[in-house]
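**Student:** In order, the protein sequences belong to chains Z, P and F. Counting from 1, one number per residue, gives the positions in the first sequence under the working numbering. Counting from 1001, one number per residue, gives the positions in the second sequence under the working numbering. Counting from 2001, one number per residue, gives the positions in the third sequence under the working numbering. Could you have a look at this structure, given as structure tokens, before my questions?
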Amino acid sequence: MREGRTIFIHSDLDIVSARVEGRELAKALGFGTIDQARIATAISELARNIVLYAGEGTVTIRAIEQGGRKGVEVICEDRGPGIEDVNLVMRDGYSTSRGLGMGLPGAKRLMDDFEITSRVGEGTRVVVRKWLR
Amino acid sequence: MASEIIRIPILQIEDFLVASIQVALHDRSAVQFRDDLLQRIYETKAKGLIIDLTAVDIVDSFIGRLIGDVAEMAALMGARVVVTGLQPAVAITLTELGLELSGVITALNLEKGIATLRRLVRQDEEEEGTRDARRAHDLYP
Amino acid sequence: MSQTLATWLALHREVLAAELAQRIRQGVGGTYATLSLDQLKVRATGLLDALQRAASGESAEPWEAFIRGLATQLLAEYTPATEGQTILSLARELLLEQLRHSLEDRDRREAAVARVEELLHQARLWLFDAYLQDYEKRLAQQQRALAELSTPVIQVHENILVVPLVGAVDTERARRIMEELLLGITRYQAEMVIIDITGVPVVDTAVANHLLQTVKAARLLGTRSILVGISSEVAQALVHLQIDLSGVITRSNLQAGIEYALEQMGLEIAPIRRETRETEEEPAVLRRPSERI
Chain Z
1 MREGRTIFIH SDLDIVSARV EGRELAKALG FGTIDQARIA TAISELARNI VLYAGEGTVT
61 IRAIEQGGRK GVEVICEDRG PGIEDVNLVM RDGYSTSRGL GMGLPGAKRL MDDFEITSRV
121 GEGTRVVVRK WLR
Chain P
1001 MASEIIRIPI LQIEDFLVAS IQVALHDRSA VQFRDDLLQR IYETKAKGLI IDLTAVDIVD
1061 SFIGRLIGDV AEMAALMGAR VVVTGLQPAV AITLTELGLE LSGVITALNL EKGIATLRRL
1121 VRQDEEEEGT RDARRAHDLY P
Chain F
2001 MSQTLATWLA LHREVLAAEL AQRIRQGVGG TYATLSLDQL KVRATGLLDA LQRAASGESA
2061 EPWEAFIRGL ATQLLAEYTP ATEGQTILSL ARELLLEQLR HSLEDRDRRE AAVARVEELL
2121 HQARLWLFDA YLQDYEKRLA QQQRALAELS TPVIQVHENI LVVPLVGAVD TERARRIMEE
2181 LLLGITRYQA EMVIIDITGV PVVDTAVANH LLQTVKAARL LGTRSILVGI SSEVAQALVH
2241 LQIDLSGVIT RSNLQAGIEY ALEQMGLEIA PIRRETRETE EEPAVLRRPS ERI
């Protein structure tokens, strides 16, 4: 596993930086255009969640290898309010206000692996991965 | 901070407006774009608007929803919206995100977009004409 | 001590080859059954000579090279793996049998036997490995070919694409189909696409949902989709599964789909009118209705 790039997320500008970074790495690893878009979009969704709910956090993007497979891993972390009921939020159709909340289920659909841990008052950590076919 | 907001140029072609997004839009710029579009529709009383996304690589749920909103709001102001040039990768990611944008009319490219817009506007006018005629008929049976 | 084996093999070469050829003739089927006894003797001699060189030499490489070469020959003749192994088994049996007969000195006999066992054991492993590599190579080739075949996107007319699907559609294939279709739409700027599922044997919830997703994504590009080839069984299954295809245009078969697509574009297929001569055949041509005389 190589060292990745960590992007500090404070504002909407950082969301764009994070997804561009994700796209570049995906391209360098050999992902096709459509998978590049999936990865970048998933990063965008997760990074936006950080801005909207926690105010700030980090997105770390790196190349990974496991059992002969190569892929990309994105770790999104924040010390925000945390999610009380993760299952509720992961259900499609759930939204906090005016249609927001598509981020988590959407990111899960776009990527191959999805892990989330969250504790109220402590923060949230989302890890997603996509593997080269 | 205001200097970070990118303004997308909006062109007028006959009685339509055309805006082509050429750069990556962050959230605040996107909101500014929406406001600018609606303002121009109001000012010019445009009948139609084309949003061209040929140069856009990534559309996430924020921009996706924003485009849906623009279509709805523009319709309230009497203008039809056609989105053109969506890339395959973008169409797929939007579908996989679950954003169908069913209220948004799309076309493959600018040329077909303008043709579609003309057709839609003409249909709207014919419908209005029929409605007026019927109303007149009701008043004077 | 392996010199004993080498010397012994050199001495009994002719007899051993003849006997081995005989046993192969009787014990091995397939292509080998069609070879004449003389041809088999040539091959048996080759094997024994290589064995002799291995017995007298230091390195195992020439013996491995020979066995892998033998494997290549067997594969080229479509000899199954078991038959190949049988040949080596027969050789082993014969050699052990004859060694026990002819070498009286117990130490030399046991040393020679051990060497035969060792060499032939190695040979069988190399043979097995060669067959395995060949199978894996062919499997990879077939998978590549299949992947290429699996998503043809055909332009039948300006603005109209046809995607004929044949065979089972799993998640991975469905994803590929969606991507190929959308790329095709962009490349040909197609306003209509006809997806023909006549050749898809099973249409379950998963397949139906993938198709629906493809139709939605195509719509986002500005293209209308027509689904054709839904058999009565599939129609029943879809209704049973309560899959909502209400937003999708469907037609019974490809012809109906193409006619519908043309109609939407303001076109139709009509016979060519010839003013002067009457012809037996009237070829069909695509023309806008307004162009008719």
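Built from N, CA and C at the ideal position, the CB exists for glycine as well.
(1) Excluding sequence positions up to five away, which residues of its chain have a Cβ less than 6 Å from the Cβ of residue 1/Z?
(2) Between the C-alpha atoms of residue 2058/F and residue 28/Z, what's the straight-line distance to the nearest angstrom?
(3) With DSSP as the reference, label residue 105/Z as helix, strand or coil.
(4) Just to make sure I have the definition right: I need the residues of chain P whose C-beta is within less than 8 Å of the C-beta of residue 2261/F. Which are they?
(5) Could you tell me whether the region 2086 to 2099 of chain F touches the region 2119 to 2126 of chain F, where touching means 3 or more Cβ pairs closer than 8 Å?
(6) So residue 2179/F contacts chain Z; which residues on that side make the cut at Cβ distance below 7 Å?
(7) Which same chain residues end up closer than 8 Å to residue 2126/F when comparing Cβ atoms and leaving out the 5 residues on each side of it in sequence?
(8) Does the beta carbon of residue 2075/F fall short of 8 Å from some heavy atom of the ligand MN?
(9) What residues in its chain sit with their C-beta under 7 Å from that of residue 1086/P, if we drop five residues either side in the sequence?
(10) With contact counted as at least three CB pairs below 8 Å, one residue from each stretch, are the region 120 to 133 of chain Z and the region 1030 to 1040 of chain P in contact?
(11) Tell me which residues share the same chain as residue 1030/P and place their Cβ nearer than 6 Å to its Cβ, disregarding the 5 neighbours each side in the sequence.
(12) Considering only DSSP beta bridges, list what residue 131/Z is partnered with.
(13) Which chain Z residues sit within Cβ distance under 8 Å of residue 1097/P?
(14) Can you confirm whether the region 2026 to 2045 of chain F touches the region 2131 to 2147 of chain F when touching is taken to mean that 3 or more C-beta pairs between the two stretches lie within less than 8 Å?
(15) Applying the criterion that 16 or more other CB atoms from any shown protein chain within 10 Å of the CB defines a buried residue, is residue 2205/F buried or exposed?
(16) Return the CA-CA distance between residue 2020/F and residue 2048/F, expressed in angstroms with no decimal places.
(17) If you run the structure through DSSP and keep just helix, strand and coil, what is residue 9/Z?
(18) Sorted by chain position, which residues of the same chain lie with C-beta nearer than 6 Å to residue 2095/F's C-beta, five sequence neighbours on each side aside?
(19) At the 9 Å Cβ level, is residue 2172/F part of the contact set with chain Z, yes or no?
(20) Rounded C-beta distance between residue 2192/F and residue 2214/F? I'm assuming under 8 Å.
(21) When the cut-off is 9 Å and only beta carbons count, does residue 2208/F lie next to chain P?
(22) Quick check on this structure: which residue in 1124/P, 1115/P, 1060/P has the alpha carbon closest to the alpha carbon of residue 19/Z?
(23) Using the C-alpha atoms, what's the distance from residue 60/Z back to residue 71/Z?
(24) Establish whether the CB of residue 138/Z and some CB of chain F are separated by less than 9 Å.
(25) How would you call residue 1133/P, buried or exposed, if buried means at least 16 neighbouring beta carbons within 10 angstroms?
(26) Please state whether DSSP places residue 1022/P in a helix, a strand or coil.
(27) Could you list the residues in the region 1081 to 1113 of chain P with a C-beta less than 9 Å from some C-beta on chain Z, going in chain order?
(28) With a threshold of 16 other CB atoms inside 10 Å of the CB of residue 1125/P, please say whether the residue is buried or exposed.
**Tutor:** Considering the structure as presented:
(1) Any reading at residue 1/Z is ruled out, since the residue's pLDDT is 49, under 50, leaving its predicted position unreliable.
(2) 49 Å
(3) helix
(4) None at all; the shortest Cβ gap to chain P is about 15 Å.
(5) Yes, the region 2086 to 2099 of chain F touches the region 2119 to 2126 of chain F.
(6) 34
(7) 2064, 2067, 2068, 2071
(8) The ligand MN is not among the ligands present in this structure, which contains no ligands whatsoever.
(9) 1053, 1106
(10) Too few Cβ pairs lie closer than 8 Å, so no.
(11) 1063, 1066
(12) Answer is 71/Z.
(13) Neighbours of residue 1097/P on chain Z, chain order: 41, 45, 102, 106, 109, 110.
(14) The region 2131 to 2147 of chain F makes no contact with the region 2026 to 2045 of chain F: fewer than 3 CB pairs, one atom from each, lie closer than 8 Å.
(15) exposed
(16) 9 Å
(17) Looking at residue 9/Z - three-state DSSP - the assignment turns out to be strand.
(18) 2116
(19) yes
(20) About 14 Å; that fails the 8 Å criterion.
(21) No, no contact with chain P.
(22) 1060/P
(23) 14 Å
(24) Past the edges of chain Z, shown from 1 to 133, lies residue 138/Z, and the structure says nothing about it.
(25) exposed
(26) coil
(27) 1087, 1088, 1089, 1090, 1092, 1093, 1094, 1096, 1097, 1098, 1099
(28) By the Cβ neighbour-count rule, residue 1125/P is exposed, with fewer than 16 other Cβ atoms within 10 Å of its own.
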